[in-house]
Each structure stands twice: as structure tokens, then as C-alpha cells.
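Novice:
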Amino acid sequence: MTSTAGTGPGRSAARERDAHLVGLLRRSATGDQEAFAAFYDAVAPSAYGLARKIVRDADLAADVTQEALVDVWRSAERFDPDRGSVVGWVCSITHRRAVDLIRSTQSSRNREERAGVAGFERDRDDAAEALESAEDRDRVTECLGTLTGLEYEAVTQAYYGGLTYRQVAERLGAKLATVKSRMRSALQRLQDCLGVGA
Amino acid sequence: MTNENDNDNENAVDAELLAAWALDAVDEDERRAIEQQLRSDPVLRARADALNSTVARLAVSTPAEPPADLRDRVLSAVAGHGQDARPAADGDVSPLAGHGTTGSSAGAERAGVADLDGHRARRRPAARRWWVGAVSAAAAAAVAVAVVVSQPWAPTGGVTEGDQLTAIEQILQVDGAERLESPVTGGGEIEVARAPSGETVLAARGLPEPAEGRDYQMWTIQGETAPRPAGLLEVQDGLALVRMQDVPVDAALAVTVEPAGGSEAPTTDPIVVLAG
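One line per chain: the protein sequences are A and B, in this order. Number 100 in UniProt numbering belongs to position 100 of the first sequence; there are no gaps in the numbering. Number 241 in UniProt numbering belongs to position 241 of the second sequence; there are no gaps in the numbering.
Printed below as a string of C-alpha cells:
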């Protein structure tokens with residue numbers, strides 16, 4: 001597997017950092033709490049930032065992050081570096097927790113949000129506000145900018161909004177098949193743009 | 001790439017749904033179906049990993065400073081938990097979409113929630129979410145559960161593994177009967193056989209004696225309703241054998257460690273969950 005785009009000094013530094021984190025995670029898997037504390041320090045801002053972006057409440061985001069990181073501790077042994085980055089793994093667990101929380105409290109949230117959704121418009125500011133990381137922010141924003149309107153809505157409403165594709169379709173007044181297919185084409189386009197190596 | 005697409009046509013999961021899955025934008029049933037397929041389909045698995053890597057870039061680009069007390073909360077929570085080397089229930093729902101965890105993370109799901117109960121109760125009087133998540137597989141109409149428990153083999157004579165085998169086999173001879181088995185957190189394993197009529201036998205082997213002042217308590221969980229007590233599990237020499245009636249076929253069975261005499265609602269996370 002080779003990665004052509006997105007290589008450069010930043011990428012190799014990221015790889016080095018990932019190797020360090022894998023080491024801490026391996027030690028955590030043996031019950032080393034000190035290693036896990038260092039691991040926490042490294043990944044908590046990413047996990048918390050993502051949780052906060054999704055649940056939009058500082059306290060609930062902290063709960064989600066705590067749940068996710070305890071999950072990480074418990075399943076540290078199962079992390080497979082061949083499948084992706086450590087931080088990505090932590091974020092995927094956090095994302096799942098955040099989405100579970102949202103869906104368990106969905107009805108109130110729906111009401112709250114419907115007021116703020118103005119049909120089919122782009123809401124770039126909202127996504128842009130979330131992308132505060134220095135290194136990735138510009139690139140991710142740029143790549144999100146290459147998506148079509150519907151692709152953009154489908155990805156951001158699902159990923160940052162915690163909606164299922166059915167809910168996205170309902171909101172956008174689009175067909176289910178269309179929304180699914182836009183999610184797929186959007187991820188393909190993002191993958192090409194970001195140069196995500198395997 | 002073309003070949004992969006062709007292969008996909010033979011699969012139940014279409015490529016579009018896989019993208020929605022990577023975004024955590026599918027419902028529980030779809031998620032379960034996809035993750036089950038990922039376990040046995042390396043081509044699909046590789047595509048899923050690639051999608052996850054892309055989605056991860058969206059994820060990690062939003063860092064924020066966590067609250068100062070969160071570090072202590074997390075570290076004290078893990079101090080009370082060992083790693084979960086063995087998932088409690090194979091048939092359990094995998095809660096984690098993430099690469100590297102699919103298929104074996106049931107135990108992880110139940111780790112964090114208990115620590116938060118007190119914390120969250122102030123804001124969200126929701127029931128223990130773990131219980132809901134664990135059995136949403138069984139999501140069905142909430143039917144009243146009448147569980148009759150008898151322990152005909154205990155405590156008088158002491159149970160043998162032969163007794164267990166016989167009792168299990170009796171159930172399995174019924175048409176449509178199913179057998180479930182899972183290791184138990186803390187040691188031992190539990191085997192369940194149940195018939196469509198609801199007649200159920202639960203056999204435990206190698207269970208440690210509960211701590212002083214504690215009992216093993218069984219529960220049935222159906223859909224998103226609260227767990228219902230299903231009696232205490234009396235262990236002798238690591239063995240237990242219980243017969244129940246009228247356990248709904250779509251209910252999951254769970255065991256927790258409770259204060260002696262049992263509780264009305266579970267006060268700890270389950271040490272095992274068996275779901276069909």
C-alpha cells in the first residue's frame with residue numbers, strides 16, 4: 001500500500017507519533033496505568049473535540065469521552081495498527097459513543113434542530129468552526145469544499161450531526177438511495193483529496 | 001477495484017451502505033449485519049478500513065481542550081477495571097464500529113457506563129444505557145415477561161455436569177430450540193438451551209463463589225425495557241443448573257453480581273449476556 005498524495009514532513013511526523021501511541025497502548029493493554037495516562041493526554045483533546053462537536057454540550061461531551069476512553073482501555077489489546085491510526089481508532093469509538101447518546105435522546109434534539117435547518121443550503125461556517133486543528137484543518141476544509149452540495153450535506157449531517165442516512169434523506173427531501181450513494185461518492189472524493197494512505 | 005465491485009454484488013452489503021456505516025449513519029440492524037459480514041469477508045474488510053481511514057481524518061480535525069477533571073475521572077475509572085481479554089457474549093452486539101474492534105468488543109461496551117451512572121443521573125435520568133445497547137438486537141414489542149424459575153437439582157443433591165448435559169439435551173430435542181454459550185467475566189462459562197415455548201435451561205460451569213454478601217442474579221432483557229429479575233443463581237462447586245419457563249425467545253439472559261438476596265434492578269454490569 002502506498003500513499004502518494006498527502007505525504008511530506010507532516011505525514012511522517014504523524015506516523016512517528018502514531019508509533020509512540022501504539023507503544024503506550026500496548027503497555028496499557030498489560031495494565032500499565034501510567035502509560036494509559038500518557039495515552040490519555042495525547043488523544044483526549046481529539047476525542048473530546050469530536051464528542052463536543054457532535055453532542056454540543058460540554059458536560060455530555062465529557063461523559064462521552066470518558067466512556068470512550070474506558071472502552072479504549074478495556075479493548076486496548078484489540079487495536080490493530082494495520083487497520084488505521086491509533087487516534088482514528090479512538091475517534092471512531094468516541095464517535096460511536098457520541099452518536100449512541102444522540103440517538104438515545106433524539107426526539108428532543110430533532111425538535112431543537114429542525115428550527116435551525118434551512119432546507120438544502122450549505123452551512124460551511126458550521127463545519128469550518130469545528131475544524132480547528134492547525135495541521136488538518138485547512139486540508140480537510142479544502143477537501144470538503146470539493147464535494148457537491150448534496151455530498152457535503154450527506155457527510156456533515158451524518159458524521160457531525162449524528163443522523164442516520166434515513167434521517168438525512170428525510171431532512172433533505174432526497175431519496176434513500178441517493179443519500180447513500182452521495183455518502184459513498186463523498187468519501188471517495190475525500191479519500192482522493194486527502195490522500196489517505198491505507 | 002473493478003473486481004472488488006463485482007464481488008460486492010454477491011454480498012448482502014452494498015458498497016453504498018458501507019459508506020453510511022463508516023459514517024456511523026446506519027441503524028442498529030444494518031450495523032449488525034454489516035459488521036457480521038466484515039468478520040468473514042476480507043475484501044469488504046479492506047474497503048471498510050479504507051473508508052474508516054478517510055472518516056478518521058474528519059474526526060481528528062476537531063480537537064478541543066477537555067475539562068480539567070476529566071483526566072482524573074477517566075484514570076480512576078480504568079483503575080477499577082482490568083482489560084477485557086475475553087468478550088462476555090459472542091452473540092452480543094458489537095458497539096464499536098471502529099477498525100480493529102469489530103466483532104469482539106462486547107465487553108468494552110459495558111466497561112464505561114457504570115462509572116458514569118451517578119454522574120449522568122443528574123442530567124439524564126435515563127436507564128442504564130448499557131442494558132439497552134446490549135440487547136437492542138432483541139428489540140421487539142414489550143411483552144410481559146413471566147419467568148418461573150426452579151432449581152430442581154439444587155440445593156439438595158448437588159449438580160453434576162452430567163445433570164447439566166441431560167437437561168440441556170432435553171431442551172435441544174425440541175424443534176426450533178437454540179443453544180447459547182458464553183464465557184463469564186471473572187471465570188467460568190454459561191450455557192443456555194431454550195425452546196420456542198420459552199422453556200429454558202441455564203447451566204453454569206467453573207463459576208467462582210460470589211464474594212461474601214453477594215449473589216449471582218439472573219435477568220431477562222427484552223427490547224429496550226428494563227431488565228427483569230429472573231432469580232438467583234446458586235452455585236455449588238462452580239456448577240449451577242436452572243430451569244426457567246416462559247422466557248420470551250427474543251429476550252436476552254444476563255447475570256450480574258448483586259447484594260445477597262438480589263436486587264430489583266441490576267446494580268452492577270453483567271458478567272455475562274446471552275442473546276440469540
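Ideal Cβ positions, reconstructed from N, Cα and C, are used throughout, including at glycine.
1) What do you reckon, are the CB atoms on A/V22 and A/P81 nearer than 7 Å?
2) Does DSSP classify A/I102 as helix, strand or coil?
3) Looking at C-alpha atoms only, which residue of B/V255, B/V74, B/L38 is the closest neighbour of A/R83?
4) Chain B partners of A/H95, CB-CB under 7 Å?
5) Which word fits B/A19, buried or exposed, when buried means at least 16 other C-beta atoms lie within 10 angstroms of its C-beta?
6) So with Cβ pairs under 7 Å, would you call A/V43 a contact of chain B?
7) Should A/R184 be labelled buried (16 or more other beta-carbon atoms within 10 Å of its own) or exposed?
8) Determine, using beta carbons only, whether A/C91 comes closer than 7 Å to chain B.
9) Bridge partners for B/E258 per DSSP, in chain order?
10) Whole angstroms are fine: how far does the CA of B/A56 sit from the CA of B/R32?
11) Evaluate the contact criterion for the segment 25-41 of chain A versus the segment 39-58 of chain B: three or more CB pairs, one atom per stretch, below 8 Å.
12) Using only the alpha-carbon positions, how far apart do B/L253 and B/A177 sit?
13) Would DSSP call B/T220 helix, strand or coil?
14) Let's test the definition: count the other Cβ atoms within 10 Å of the Cβ of A/R182 and tell me whether it reaches 16, buried, or not, exposed.
15) Can you give me the C-alpha to C-alpha distance between B/L75 and A/R15, rounded to a whole angstrom?
16) Determine the chain A residues that contact residue 277 of chain B at a beta-carbon separation under 7 Å, and present them in chain order.
17) I'd like to know whether the C-beta atoms of B/P227 and B/I221 end up nearer to each other than 7 Å.
18) Indicate whether at least one CB of chain A lies closer than 7 Å to the CB of B/R128.
19) What residue does the alpha helix (DSSP H) around B/T166 start on, and which one ends it?
20) Tell me the rounded alpha-carbon separation between A/Q157 and B/P183.
21) Could you check whether B/M244 and B/L233 sit closer than 7 Å to each other, using their CB atoms as the reference points?
22) Using the beta-carbon of each residue, which ones in chain A are nearer than 9 Å to B/V272?
23) Under three-state DSSP, which class holds A/E112?
24) Anything in the segment 201-234 of chain B with a Cβ closer than 9 Å to a Cβ of chain E? List those residues in chain order, please.
25) Skipping 5 residues on each side, what residues in its chain have a beta carbon closer than 6 Å to that of B/V174?
26) Along chain B, in chain order, which residues have C-beta atoms closer than 8 Å to that of A/V22?
27) Residue ranges of each alpha helix (DSSP H) run of no fewer than 4 residues wholly in the segment 57-91 of chain A, ordered along the chain?
28) Give the interface partners of A/F39 over in chain B, defined as CB-CB distance under 8 Å, in chain order.
29) If you drop the 5 nearest sequence neighbours on each side, which residues of the same chain put their C-beta closer than 8 Å to that of A/K175?
30) Measure the C-alpha to C-alpha separation of B/E16 and B/D24 and round it to an integer number of angstroms.
31) For B/S263, name the three-state secondary structure that DSSP assigns.
32) Nearest by alpha-carbon distance to A/E153: which of A/A98, A/L194, A/S28, A/V179 is it?
33) Under 7 Å, Cβ to Cβ, is there at least one residue of chain B near A/E16?
Specialist: Quick look at the numbers:
1) As a first step, residue 22 of chain A must be located in the first sequence, where it is residue number 22. As a first step, residue 81 of chain A must be located in the first sequence, where it is residue number 81. Taking 7 Å as the Cβ cut-off, A/V22 and A/P81 qualify as a contacting pair.
2) Position 102 of the first sequence holds residue 102 of chain A. Assigned with DSSP and collapsed to three states, A/I102 falls in helix.
3) Here residue 83 of chain A refers to the residue found at position 83 of the first sequence. A/R83 has its Cα closest to that of B/L38, out of B/V255, B/V74, B/L38.
4) Residue mapping note: residue 95 of chain A aligns to position 95 of the first sequence, counting from 1. Those are D24, A59, listed as they occur along chain B.
5) Taking the first residue of the second sequence as 1, we reach residue 19 of chain B at position 19. Burial call: buried.
6) Residue 43 of chain A sits at position 43 when you count from the first residue of the first sequence. For A/V43, the answer is no, since every Cβ of chain B falls outside 7 Å of its Cβ.
7) As a first step, residue 184 of chain A is located in the first sequence; it is residue number 184 there, counting from the start. Classification of A/R184: buried, given that the 10 Å Cβ count is 16 or more.
8) In the first sequence, the residue the question calls residue 91 of chain A occupies position 91. Cβ-Cβ to chain B under 7 Å: yes for A/C91.
9) Against the second sequence, residue 258 of chain B aligns to sequence position 258. Note: B/E258 sits in a beta bridge opposite B/D215.
10) On the second sequence, residue 32 of chain B is found 32 positions in, with the first residue counted as 1. On the second sequence, residue 56 of chain B is found 56 positions in, with the first residue counted as 1. CA-to-CA, the gap between B/R32 and B/A56 works out to about 21 Å.
11) With a cut-off of 8 Å, the segment 39-58 of chain B and the segment 25-41 of chain A do not count as touching, because too few Cβ pairs lie within range.
12) Counting from one through the second sequence, the residue named residue 253 of chain B turns up at place 253. Counting from one through the second sequence, the residue named residue 177 of chain B turns up at place 177. Pairing B/L253 with B/A177, the inter-Cα distance amounts to about 15 Å.
13) To locate residue 220 of chain B, count along the second sequence from 1; it is residue 220. Three-state DSSP puts B/T220 in a strand.
14) Within the first sequence, the letter at position 182 stands for residue 182 of chain A. Looking at its Cβ environment, which holds 16 or more other Cβ atoms inside 10 Å, A/R182 is buried.
15) For the purposes of this step, residue 75 of chain B is taken as residue 75 along the second sequence, with counting starting at 1. For the purposes of this step, residue 15 of chain A is taken as residue 15 along the first sequence, with counting starting at 1. Looking at the two C-alpha atoms, the distance is approximately 26 Å.
16) Because chain B here runs from 1 to 276, residue 277 of chain B falls outside it and cannot be looked at.
17) The sequence position of residue 227 of chain B within the second sequence is 227, counting from 1. The sequence position of residue 221 of chain B within the second sequence is 221, counting from 1. Yes.
18) Here residue 128 of chain B is taken as the residue at index 128 of the second sequence, counted from 1. The predicted model places B/R128 with a pLDDT of 38, which falls under 50 and marks its position as unreliable; any figure quoted below should be read in that light. For B/R128, the answer is no, since every Cβ of chain A falls outside 7 Å of its Cβ.
19) The sequence position of residue 166 of chain B within the second sequence is 166, counting from 1. 161-172 is the span of the alpha helix (DSSP H), which, as asked, contains B/T166.
20) The residue given as residue 157 of chain A occupies position 157 in the first sequence. The residue given as residue 183 of chain B occupies position 183 in the second sequence. Roughly 40 Å separates the two Cα atoms.
21) For the purposes of this step, residue 233 of chain B is taken as residue 233 along the second sequence, with counting starting at 1. For the purposes of this step, residue 244 of chain B is taken as residue 244 along the second sequence, with counting starting at 1. Cβ atoms of B/L233 and B/M244: not closer than 7 Å.
22) Translated into positions along the second sequence, residue 272 of chain B becomes position 272. By Cβ distance, chain A contributes nothing, its closest Cβ being about 16 Å from B/V272, past 9 Å.
23) The residue you call residue 112 of chain A lines up with position 112 of the first sequence. Because the pLDDT at A/E112 is just 46, under 50, the model does not fix this residue reliably, and the value given afterwards should be weighed accordingly. A/E112 falls in the helix class under three-state DSSP.
24) Structure shown: chain E not included; protein chains present are A and B.
25) Taking the first residue of the second sequence as position 1, residue 174 of chain B is located at position 174. A195, listed in sequence order.
26) To locate residue 22 of chain A, count along the first sequence from 1; it is residue 22. Under the 8 Å cutoff, chain B gives no residues; its nearest Cβ is about 11 Å from A/V22.
27) Correct list: 58-74.
28) Residue mapping note: residue 39 of chain A aligns to position 39 of the first sequence, counting from 1. Those within 8 Å of A/F39 in chain B number zero; the least Cβ separation is about 10 Å.
29) Counting from 1 along the first sequence, the entry for residue 175 of chain A is found at position 175. Within the same chain, A169 come within 8 Å of A/K175 by CB-CB distance, once the 5 residues on both sides are set aside.
30) In the second sequence, the residue the question calls residue 16 of chain B occupies position 16. In the second sequence, the residue the question calls residue 24 of chain B occupies position 24. If I take the Cα positions, the gap works out to 13 Å.
31) Looking up residue 263 of chain B in the second sequence gives position 263. Residue state, collapsed to three classes: coil.
32) Residue mapping note: residue 153 of chain A aligns to position 153 of the first sequence, counting from 1. A/E153 has its Cα closest to that of A/V179, out of A/A98, A/L194, A/S28, A/V179.
33) Position 16 of the first sequence, counted from the start, is the residue given in the question as residue 16 of chain A. Output row for A/E16: interface = no.
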